[in-house]
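Take a look at the structure set out below.
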Amino acid sequence: MSWIAVLPFAGWALLRLSGFEPDWPWVPVVAYTPYAAAGAVAGAALAWALRRRAAGVVGIAAVTALGAAVVPRALADGDPAVSGPVLRVLAANLMVGQADTDQLMALVGRTRPDVLTLQELTADALRRLEEAGVRERLPHAVTRPLPGVGGSAVFARHPLTAGEMIKVGAFGQARAWLAHPGGARVEIVSVHPCAPGRTGRKPCWQGGLHALPRGGGPLRVLAGDFNATLDHLPMRELLASGYRDAADVMGRGLTATWPQALGRTWRLPGVTIDHVLVDSRMAVRDFRVLELRHTDHRPVFAEVRLP
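The sequence shown begins at 0 in numbering that gives the first Met the number 0 and counts up by one.
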């Protein structure tokens, strides 16, 4: 019983830390690593309670490895010393355009973003937003509405220059260059790669993440539905290129963003797949996970200071 309690979590820890990411079913399963870390604690405790020393040592090793991956997300990090202008970013997945337009506009009014990135933007959803006055608050926009789940957009308070849209499979990721009045030029990407799916290989999901611009060059902010957690290898590689996750920086990296309840009595345990990634030269001043009706994702908001 003690080995049954610790070996699954030990194997999980080995895979998570190995630098190797198998395909199905590991890609969707690894998103639940924070839950596995809690399970590893229970397994190790059981092994020691049963006085099975060898199993207990393996259990402690699994707890240590998984804890090292997960616990820092609940601890605030330091920031670089910067004194540039502030940039406020709000990102929301509209669930094929069905999200509540009035509540989204209320969020815009409350958070006062300089940038709003939208995913799963349909032509009808864009029409409703414009009728609700989104251009009065955020007059500049690069919009790429599409039928189904593939549309996206960047709205901004300051002038935008359209960039080349990232298109992998049916999923589009709008890009725009923001001319901040403080003098900075920042690329904004409305992130939405394919979901990993339920079976088979994941070329669309991997391709959508790999197509995102690496950090270390011009200032960039990537915001939206990444369909990936900080436990997915492509996400870790993206961060290592020169980004920081705003939720992780603020010690709020374990707050789930999907799935948000839609009136159903049962749903999957929550995972954190909506992010605001900022250039590592930026300071993160605030991060929040918000509520929006009629979508399965929770919007995310970050306030950062530019170098």
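Beta carbons: idealized from backbone N, C-alpha and C, even for Gly.
Contact between the region 231-244 and the region 61-70 is not established, with fewer than three Cβ pairs separated by less than 8 Å. Under the Cβ criterion (8 Å, minimum of three pairs), the region 80-90 counts as touching the region 269-285.
The alpha-carbon separation between L106 and G216 amounts to approximately 31 Å. No Cβ-Cβ contact shorter than 8 Å links V141 with A98. Contact check for A155 against L137 passes: the beta carbons are separated by less than 8 Å. Three or more beta-carbon pairs separated by less than 8 Å are not found between the region 113-131 and the region 203-217, which leaves the two stretches without contact. Across the set A255, V188 and D247, the C-alpha of D247 shows the shortest separation from the C-alpha of P71. In this structure, DSSP gives A173 a state outside helix and strand, which the three-state scheme calls coil. Nearest neighbour of G10 by Cα position, chosen from L86, A39, L253 and H293, turns out to be A39.
DSSP places H209 inside the alpha helix (DSSP H), whose first and last residues are P202 to H209. By the neighbour-count criterion, in which 16 or more other beta carbons inside 10 Å mark a residue as buried, G181 falls on the exposed side.
In chain order, L86, V277, M281 and V283 place their CB closer than 6 Å to the CB of V303, counting only its own chain and leaving out the 5 sequence neighbours on each side.
Where V277 is concerned, the enclosing beta strand (DSSP E) starts and stops at D273 to D278.
Looking at the DSSP output, A48 bridges to nothing.
Only residues of its own chain outside the window of five on either side were considered, and among them V69 and L253 have a CB closer than 7 Å to the CB of P33, listed in chain order. In the assembly as shown, R184 is an exposed residue. Its beta-carbon has fewer than 16 other beta-carbons within 10 Å. Counting only the Cα atoms, M164 lies some 22 Å from P298.
Between M104 and T294, the C-beta spacing is not below 8 Å.
Across the set V275, D273 and A255, the C-alpha of A255 shows the shortest separation from the C-alpha of R266. When the beta-carbon positions are compared, L159 and H139 come within less than 8 Å of each other. Counting along the chain, the unbroken beta strand (DSSP E) around T142 starts and ends at H139 to R143.
Rounded to the nearest angstrom, the gap between the Cα atoms of F286 and F19 is 31 Å.
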